[in-house]
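Please read the structure below before turning to the comments.
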Amino acid sequence: GAVVSQHPSWVICKSGTSVKIECRSLDFQATTMFWYRQFPKQSLMLMATSNEGSKATYEQGVEKDKFLINHASLTLSTLTVTSAHPEDSSFYICSASTSGGAGTDTQYFGPGTRLTVL
Amino acid sequence: AQSVTQPDIHITVSEGASLELRCNYSYGATPYLFWYVQSPGQGLQLLLKYFSGDTLVQGIKGFEAEFKRSQSSFNLRKPSVHWSDAAEYFCAVAPSNDYKLSFGAGTTVTVRA
């Protein structure tokens, strides 16, 4: 149980185009989903938190107009990288939680999406 | 703000030998502490977590971790590693009243035959 999938697993795009990444909770309803970014040999950095039906909450320094997050249902959240540039190339990971209000909630992680912007 | 330090970037261990991964945190109070493992092509998997109580925590896959308040540490151990334990390991902390995880930089474990 508690499986989270991401699609696509990898994507290559041209500079200036937009890319959408999907995150799905397959066997549970995710009230809260999180989006992380991971650079090579570095830690995961939280980008934003989304609750179903609400606007996402972005971490300091993350451009909300560039990284559009939509959490339209309890099983799906999407991250759209708009007007992507080479510096946006990274590994994007989502996680999902059945609730989101306390540190005791377990986050279930997706396998990640490798984005390469040429 | 809390921070997490994993001093070892890369550890190589022989199959069957013991393994210890270090994790130190900086936080004003006792945070919630986690260890995750990341294998290629797979999502981060929770190995174990500590919230309160017994400072020695048992996890999955034969792993355990010990919380030491005096040292602000939460080191992960396994008595005998298997080749399948080769992966990236992340220590993470969350404030007791918040869900936001802060991750360490990770330790890559290589297992040699």
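Chain order of the listed sequences is A and B. Numbering-wise (our numbering), the first sequence opens with residue 697 and increments by one. Numbering-wise (our numbering), the second sequence opens with residue 2 and increments by one. Positions of the beta carbon are idealized from the N, C-alpha and C atoms, including for glycine.
- V715/A and S103/B have their C-alpha atoms spaced approximately 26 Å apart.
- In chain B, no part has a C-beta under 9 Å from the C-beta of T809/A; the shortest such distance is about 11 Å.
- C92/B: member of the beta strand (DSSP E) spanning A88 to A95, first to last residue.
- Rounded to the nearest whole angstrom, the CA to CA distance from V58/B to F724/A is 27 Å.
- The beta-carbon separation of S739/A and Y100/B, rounded to 17 Å, does not stay under the 8 Å limit for a contact.
- Against L775/A, chain B offers no close residue; the least beta-carbon distance is about 15 Å (beta-carbon pairs closer than 8 Å).
- For chain A, the residues of the segment 40 to 62 of chain B that bring a beta carbon within less than 8 Å of one of its beta carbons are G42, Q43, G44, L45, Q46, L47, K50 and F52, in chain order.
- Secondary structure of R70/B (DSSP, three-state): helix.
- Residue burial annotation: F75/B is buried, with at least 16 other C-beta atoms found within 10 angstroms of its C-beta.
- Residue burial is scored here from C-beta neighbours: R70/B has fewer than 16 other C-beta atoms within 10 angstroms and is therefore classed as exposed.
- By the CB criterion at 8 Å, N25/B and T56/B fall outside the cutoff.
- With a threshold of 8 Å between beta carbons, L742/A makes contact with chain B.
- If only complete runs of 3 or more residues are kept, the segment 702 to 757 of chain A shows the beta strand (DSSP E) at 706 to 709, 715 to 721, 728 to 734 and 740 to 747, in order along the chain.
- Assignment of S53/B by DSSP, reduced to helix, strand and coil, places it in the coil class.
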